[in-house]
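Below is one structure; the comments refer to it alone.
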Amino acid sequence: MNNEESKIKFYSIDGNKIDDLSTNDETLVINEEKKVKTSTGFDKALKIVIEKDINVLSNKLNKIISEITKRLVVLNVTINLSNNINDIDKIVDEVDKIVSDLIIKKSSIKIGIFSSNKKEKKSQIKNLDDAINFVSKCQNELISIKKEYCKLKERNEGLTGFEYEEEEKNEEKKEADPLERTINFYMTKEN
């Protein structure tokens, strides 16, 4: 048998071929013209997992925004950042503007030979420097959250437009298998 015929083909979610692996099974016949079908239950489960991941990212976003707000309140800088994960692009831009404003505020503090309140000004500069470093680290985290959110959103949107296999519900088989009935009983009991 030809080596080309004895390969397993893997497909991505959108049905495009992504990889080939050779196999020793010569009886295996793969029909490449057949459309990719998926189970509705699988897609629903995948959507639920993606939504949970988005909620985790949203919670991280809320924590980061609250930490930035706490740090800046000490410096008498008030901000009003959205905590909606859908506004992540706007949030990243606003945090970038906050870092710029803090740098400008820091550079406006001048300490000269005859300056009064040198200790206060040095303390302000140190506090602003710490805040700039902290907000910059948070900005990097926000950028990574943005990238992950965009990937999840794209995957979630990519789950539409498939043909679904009809899920067979064979009641006789369920009645015949006591282990499966027991597992289903306890699974529904928890819900």
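Going by numbering that gives the first Met the number 0, the sequence shown opens with residue 0, and the numbers climb by one from there.
Backbone N, C-alpha and C define an ideal beta-carbon position, used for all residues, glycine too.
Apart from the 5 residues on each side of it in sequence, Leu56 sits with its Cβ closer than 7 Å to the Cβ of Ile84, Ile144, Glu147, Tyr148 in its chain, given in chain order.
Per DSSP, Phe133 is one residue of the alpha helix (DSSP H) stretching across 117 to 156.
Inter-segment contact for the segment 86 to 93 and the segment 130 to 145 is present: three or more beta-carbon pairs are separated by less than 8 Å. A buried status is given to Val94, since no fewer than 16 other beta-carbon atoms sit within 10 Å of its beta-carbon. Around Ile64, the same chain offers Leu80, Asn82 as residues with beta carbons nearer than 6 Å, after the five sequence neighbours per side are excluded. In the assembly as shown, Val72 is an exposed residue. Its beta-carbon has fewer than 16 other beta-carbons within 10 Å. The C-alpha of Val134 lies about 34 Å from the C-alpha of Leu45.
Contact between Leu74 and Asn126 is confirmed by a C-beta separation of about 6 Å, below the 8 Å threshold. Judged by DSSP in its simplified three-state form, Ile84 adopts helix. Exclusion of the five residues before and after Cys137 leaves Ile63, Ile67 as the residues of its chain whose Cβ lies within less than 6 Å of its Cβ.
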